[in-house]
Amino acid sequence: MPWIGRVVDSHLTDASASELLGIGVETPADLAFLWSSEVEIFDAFVDPAIQSQVTAAWRAARVEAEITIAQIPEQPIAKKHRVNQIQCAIGARPKKRAVPPVSLLPGPFQVRFLQQPSSRQPDPGDERTPILDMMFEVVLASGCHNVLFGEELVRMPFESRPLFDRKLQVVPLEALKGHRRAFKRWVTYHAEHCPAEMPYWQPPALTLSQFLLHVSRGGPTAAKGIYSALKWWREALGIPLPIMDGLVAHWAVAEPGHCASPKPPMSVQVLLAVLSAAPKLRGTMASAVAWLRCIRGVSLINHTMLVHSSGMSTNHVGTLIFKTR
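Take the sequence shown: its letters are residues 810 to 1134, numbered as in our numbering.
Next comes the structure, spelled out in structure tokens:
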């Protein structure tokens, strides 16, 4: 009586069948895919008779398996509904909503949360579009929790995007950059100090207040500036940040006793020395010198007395200022 299969069993004796049963072979499919070549069969058994019988049975099982696979009818692949990539990320994959846009993530986290590039490539000279892309993605991530936009924006992102851009067209580019810097600072803090399941777009009031406390160590007005930027994210984009909570709202004012007062101006000699070294600087230092040139460089040319007191001509000072542009 065949124990594996009629065709396969015809090549086996009771001894060889027992050997196969002992290693777990119960069906022709088990035998067909247990080994990939005759060499493996010869390594598995010592008796030449069993080697020959098992090899013949294995070949027969392989043929049976190929015939069975060929007889399986092909199933038509059901057409998937066309789901927008943003809708899929926002609706069908809720965990994805907790991941900030890549442009907001600090360097070490960008590799971990790397996303596919958008099919729409902005003009290299257009600085507004990447910022608006990031802000629109954050708005979509907030979904039904958004306090300003309705569900239509999430359901129809492509139709809503032009209207979203028009809403922010009155906001100057420099203001958009400032709001992005402030929110990126919050996202960096969130990535380093908060659990992954906490959405960055809706943190607890205590966590947000701890972040502003961390920011306040940078100066008496640092937390106030970040608070104002985060408040804009709620009022202009509807991000549900707990800005008006009692633990957070007190950061709207500067520290008690703070009074803005003018600082002593930098001496002409030091300023000219810094401008002279500007062409050799790179990175952050070059940017700092450029800001310094914007703040005091132009006024130097208009103060002939200060320029001549430094022993330089007006033209020479103008050349130094031009090099730092």
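Ideal Cβ placement from N, Cα and C applies to all residues, glycine included.
Indicate the three-state DSSP secondary structure (helix, strand or coil) for residue i in the structure shown.
| i | result |
| --- | --- |
| Cys953 | helix |
| Thr997 | helix |
| Glu828 | helix |
| Asn893 | Unreliable placement is indicated for Asn893, whose pLDDT of 43 sits below 50; no coordinate value is reported for it. |
| Phe854 | coil |
| Tyr1036 | helix |
| Pro926 | Note that Pro926 has pLDDT 46, beneath the 50 cutoff, so the model's placement of it is unreliable and the number below is only indicative. Correct three-state label for Pro926: coil. |
| Phe842 | coil |
| Trp1010 | coil |
| Thr877 | helix |
| Leu972 | helix |
| Leu1022 | helix |
| Ser819 | coil |
| Leu1090 | coil |
| Leu1080 | helix |
| Pro837 | helix |
| Gln978 | coil |
| Pro1004 | coil |
| Thr864 | helix |
| Met943 | helix |
| Phe992 | helix |
| Thr1016 | helix |
| Val1062 | coil |
| Phe958 | coil |
| Pro966 | helix |
| Gly987 | helix |
| Thr938 | helix |
| Ile1048 | coil |
| Gly1055 | helix |
So, at 7 Å on beta carbons, what are the nonlocal neighbours of residue i in its own chain, with the 5 sequence-adjacent residues on each side left out?
| i | result |
| --- | --- |
| Ala866 | Val817, His820, Leu821 and Leu840 |
| Ile832 | none |
| Val1083 | Val1098 and Leu1101 |
| Leu1023 | The sequence given here places His at residue 1023; Leu does not occur at that position. Cβ neighbours of His1023 beyond the five flanking positions: Tyr998. |
| Lys1033 | Trp1060, Ala1061, Val1062 and Ala1063 |
| Ala824 | Ile859 |
| Ala991 | Ile1035, Ala1038 and Leu1039 |
| Thr864 | Glu847 and Ile850 |
| Arg871 | Ala841 |
Grab me the residues of residue i's own chain with a C-beta within less than 8 Å of its C-beta, minus the 5 sequence neighbours each way, in chain order.
| i | result |
| --- | --- |
| Tyr1036 | Leu1021, Ile1052, Val1057, Trp1060 and Ala1061 |
| Val848 | none |
| Phe842 | Ala874 |
| Arg937 | Leu982 and Leu985 |
| Trp844 | Ile850, Ala853 and Trp867 |
| Ala1031 | Val1024 and Ser1025 |
| Ser948 | Looking at the sequence itself, residue 948 is Val, so the reference to Ser does not match. Closer than 8 Å at the Cβ level, and outside the excluded window around Val948, lie Asn955, Phe958, Leu962, Phe973, Leu1046, Gly1047 and Ile1048. |
| Leu977 | Leu941, Met944, Leu985 and Ala1045 |
Tell me which same chain residues have a C-beta within less than 6 Å of the C-beta of residue i, skipping the five on either side of it?
| i | result |
| --- | --- |
| Gly900 | Confidence is the limiting factor: at Gly900 the pLDDT is only 39, short of 50, which leaves the residue's position unreliable, though a coordinate-based value still follows. Hits under 6 Å: none found. |
| Leu829 | none |
| Glu946 | Pro910 |
| Arg989 | Ile940 |
Are there any heavy atoms of the ligand COA lying less than 7 Å away from the beta-carbon of residue i, as far as the coordinates show?
| i | result |
| --- | --- |
| Arg868 | By its list of ligands, the structure shown contains no ligand whatsoever, and the ligand COA lies outside what it can speak to. |
Evaluate contact between the region 954-967 and the region 988-1005, counting only Cβ atoms and requiring at least three cross-stretch pairs below 8 Å. no
On the three-pair Cβ rule with 8 Å, is the region 1016-1026 touching the region 1048-1066? yes
The region 870-879 contacting the region 852-861, beta-carbon criterion three pairs below 8 Å: No: fewer than three Cβ pairs fall under 8 Å.
Could you say if the region 1041-1049 and the region 1079-1096 meet the contact criterion of at least three C-beta pairs nearer than 8 Å? no
Say whether the region 978-996 touches the region 963-970, bearing in mind that this needs 3 or more beta-carbon pairs closer than 8 Å, one atom from each stretch. no
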